Amino acid sequence: MEENKMSDKKSKDLITTGPPSGGLFSPQQENLIKPLTTEDMTQDYLRCIQCGYCRDVCRVFNVTFRETDYAGGRNRILKSLNKKEIPFDPETIQDVVYRCMLCGNCAEVCPVGIDTVHVFRNFRVRAVNGGAMPEKLKKVRDSVVEFANPFMEEGTKRHDWCKGNACDEGYVAWERGVGLYRKIKSGELKPDEVSPNLVAYFIGCTSAFRNNELSSATCRVLDAMGADFIVIPEEKCCGSVLFRTGVDDVATELMKYNIDLIRKAGIKEVIFSCAGCFSTFSNEYQEYTHHNLGFKLSHVTQFIPRFAKEHGLYFKYKLRSKEDPLKITYHDPCHLARYCDVYEEPRDLISMIEGISLSEMQYNKKMSHCCGAGGGVRALYGDEATSIADSRLDETVECWDEINEDRLLEAVETKAESLVSACVFCKNNLSNAASQFKPDLPVQDILQILENCDVKRKDEK
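The opening position of the sequence shown corresponds to residue 1 in the numbering used here, with each subsequent residue numbered one higher.
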């Protein structure tokens, strides 16, 4: 029969046969799952078959055990709201909307291919428009509106982290980058006159106002490699925190500003040390410009190994030797991995470091567990975020014993001496959990490993 004939459609677009778990749908209702169209993406939850696969991988649910905290349960709420079976109550709906890290793990296991991150982001836009935005997030929004950053810091202080530190190599490199930008802006220089491979380093809010050790490390490493870069001091918040919490209108205005600022500088490539900024440019910014930004985007874990290969460089970790390497495990950030498909480049970079040995956690790459901070969960539900991070840390000591509890647990299971990531938010949340539960396990950003390396040429003895 024609209806049984296979086509070139993706499996998620085909009618699902066989009853979903719990008998919630009969075979007669199997055509509930229909092909996706661009128009109905915001209502993709209607295709949920309540199979329960998402419940197993949801780190929030595995901490709270609340039925509305995993994708299937949240989809049931959305369906009921859509049918007007329940009222949209701003007060009671908040936890349903925001106790989600938007990590995308559920999308990886969804048998019908629902884009859960897209669905739940749209749910947040609806929540904001319906007056259901939590007070804490309102303060974040107001701060971004007034100060162009979420930390209620004056914009003029964005680069105060490097003032009065003239002996610091990171500061010297930053100052040179700003100086080059000002000459380009004034017309005194053209980007190609500085270098045909000149890049702009977009620092981001968190690395500027809270974790400036990472912006300093980035400048130091780029300088040590001989990479030519500029820093644009007029940059504003990329809008990530607003896109993630449903305040798309304000985020879009910031996006327009940053795009215009970078285009006017005439730079061909922008690099990021912040995975959240990189993800926002790679997804929301690209979508807004129909993938015609006018400049290339690279996270430092992509740019550094590419530059090193092109120039015959490698890194020698100064605190350990090739014979006695530091054993680390790598945590894939959601923003870098599932959001942007950056999996192999960070591992390529780690393999270039003499004196470092990588041991993988049980859950890595596409199926890596979230650190617990994403989607505003750390800001709104600190205890849950810490519990999720703790379970990730425990993966670090003995991956072959399959203790299989959660993210700090995962890190402990690999017997690693340090947990390394490439996202400032992951570093902060995992560090917070480690300080409470695993004080002997250092948590570092990969740039902090690199700044403790000598940059060597492969032809050097």
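For glycine and all other residues, C-beta sits at the position ideal for the given N, C-alpha and C.
Treat the numbers as computed from the prediction; the structure is a model and nothing was measured.
### As assigned by DSSP and simplified to three states, the class of V342
coil
### Query
Going by the CB atoms, is the gap between F295 and C238 shorter than 8 Å?
no
### Span separating the alpha-carbon of S368 from that of E188
47 Å
#### Entry: Three-state secondary structure assigned by DSSP to V300
helix
### Task
Quick one: residues in its chain with C-beta nearer than 7 Å to the C-beta of V247, no 5 flanking neighbours on either side, listed in chain order?
V128 and R141
#### Entry: DSSP beta-bridge partners of T329
L419
### Boundaries of the alpha helix (DSSP H) in which E193 is found, first to last residue
P191 to V194
### Task
Can you give me the start and stop residues for the alpha helix (DSSP H) that L180 sits inside?
E169 to S186
### Query
Which partner residues does I271 have in the DSSP bridge list?
Y201 and S298
### Task
Consult DSSP for C453 and reduce its assignment to one of helix, strand or coil.
strand
### Query
With which residues is F315 paired in a DSSP beta bridge?
I353 and V455
### Query
Is Y181 near V231, with beta carbons less than 8 Å apart?
yes
### Query
When you compare only the Cα positions, how much space is there between I203 and S215?
6 Å
### Query
Who are the Cβ neighbours of N197 in its own chain at under 6 Å, not counting the five residues just before and after it?
none
### In DSSP terms, what Q444 is bridged to
V420
### Closest by C-alpha distance to C486, when choosing among R47, E451, N149 and C340
Any property of residue 486 remains undetermined from this structure, which presents the chain solely from 1 to 461.
#### Entry: Selection from S80, C58 and L137 that minimises the alpha carbon distance to A71
C58
### Task
Count the other CB atoms, across all protein chains shown, that sit within 10 Å of the CB of T92; report buried if there are 16 or more and exposed otherwise.
exposed
### Task
Excluding the 5 residues preceding and the 5 following K139 in the sequence, name in chain order all residues of the same chain whose CB lies nearer than 7 Å to its CB.
none
### Message
Quick check on this structure: which residue in E460, D454 and D459 has the alpha carbon closest to the alpha carbon of A224?
### Response
D454
### Query
Among the residues of its own chain, which have a CB less than 6 Å from the CB of N404, if the five just before and after it don't count?
With a pLDDT of only 31 at N404, under 50, the local geometry of the prediction cannot be trusted, and the value read off the model is given with reservation. Same-chain partners within the cutoff: there are none.
### Message
For the stretch 320-336 against the stretch 286-293, do three or more pairs of beta-carbon atoms, one drawn from each stretch, fall closer than 8 Å, so that the two count as touching?
### Response
no
#### Entry: For D228, three-class secondary structure by DSSP
coil
### Query
Of the residues P90, V241 and N75, which one's Cα is nearest the Cα of A148?
V241
### Message
Determine whether the beta carbon atoms of K316 and K456 lie at a separation below 8 Å.
### Response
yes
### Message
Using the Cβ count rule (16 or more neighbours within 10 Å means buried), how would you classify M491?
### Response
Lying outside 1 to 461, the shown extent of the chain, residue 491 is not represented and no answer is given.
#### Entry: Three-state class that DSSP yields for D115 in the structure shown
coil
### Straight-line Cα distance separating C205 from S279
14 Å
### Task
Report the three-state DSSP secondary structure of L81 (helix, strand or coil).
helix
#### Entry: Close-in-space but distant-in-sequence residues of the same chain around C48 (CB under 7 Å, 5 per side omitted)
G72, N75 and I114
### Task
Sort F65, R66, R121 and C54 by Cα distance to A107 and report the nearest one.
C54
#### Entry: E395 - DSSP class collapsed to helix/strand/coil
coil
### Task
Sort out for me which residues DSSP pairs L409 with in a bridge.
R392
### Validate contact between the stretch 407-424 and the stretch 357-374 using beta carbons, cut 8 Å, 3 pairs
yes
### Query
In three-state terms, what does DSSP make of L222?
helix
#### Entry: Straight-line gap, C426 to A433 (C-alpha atoms, nearest Å)
11 Å
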